[in-house]
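In what follows, a structure is listed as structure tokens, so that the remarks can point back to it.
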Amino acid sequence: MGRSVTVHYLAAGGGGGGSITPILMIVLLFGVMYFMMIRPQQKRRREAADMQSALGPGDEVVTIGGLYGTVTGVDDETVLLEVAPGVQTRYARPAIARVVTRAELPATSETEDADTVKE
Numbered sequence: 001m002g003r004s005v006t007v008h009y010l011a012a013g014g015g016g017g018g019s020i021t022p023i024l025m026i027v028l029l030f031g032v033m034y035f036m037m038i039r040p041q042q043k044r045r046r047e048a049a050d051m052q053s054a055l056g057p058g059d060e061v062v063t064i065g066g067l068y069g070t071v072t073g074v075d076d077e078t079v080l081l082e083v084a085p086g087v088q089t090r091y092a093r094p095a096i097a098r099v100v101t102r103a104e105l106p107a108t109s110e111t112e113d114a115d116t117v118k119e
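Note that full-length UniProt numbering gives residue 55 to position 55 of the sequence shown, counting from 1, and the numbers run on in steps of one.
In structure tokens form, the structure reads like this:
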């Protein structure tokens, strides 16, 4: 009968070295979740904020509701879109999902470009 008690004691956790394994697994799980979920979400949020802050008149955009329009005016918190000729609607900046085409910057004259190349 004494042997049976000794065998059960050893089988129930007689070694004390396995206590770091669960802690290591939890740390590893949090590390994987950070790199697979949290970090990419932060990157997307930063890209969306950069896109929304760079909006300007002439940009063709799509709202989160799927409405296409051309930016005619911007404010600190809102964007004025022309969705049809003569029809303008106001949206909050976060409602802009993506920019389809950017407004073209004013082109410099060819003579100015040629002068800078010759110098």
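For every residue, glycine included, the Cβ atom is placed at its ideal position computed from N, Cα and C.
This structure is a prediction, so every number in the text was calculated from the model and none was measured.
Bounds of the beta strand (DSSP E) holding A97 are I96 to T101.
In this structure, A54 is the residue among A54, G65 and I64 with its C-alpha nearest to the C-alpha of G73. Taking a cut-off of 8 angstroms on C-beta distances, the segment 91-107 touches the segment 58-75, as three or more cross pairs fall below it. A distance of 9 angstroms or more separates the beta carbons of A103 and G65. Under the three-state reduction of DSSP, L81 is assigned to strand. Residue Q88 holds the alpha-carbon nearest to the alpha-carbon of L67 among D76, M25 and Q88. The beta carbon of T78 sits closer than 8 angstroms to the beta carbons of R90, Y91, A92 and R93 from its chain, once the five residues preceding and following it are set aside; these are given in chain order. A92 is bridged by DSSP to T78. In its chain, beyond the 5 residues on either side, G69, T70, T72 and Q88 have a beta carbon closer than 7 angstroms to the beta carbon of E82. For the pair A48 and G58, the Cα-to-Cα distance works out to about 19 angstroms.
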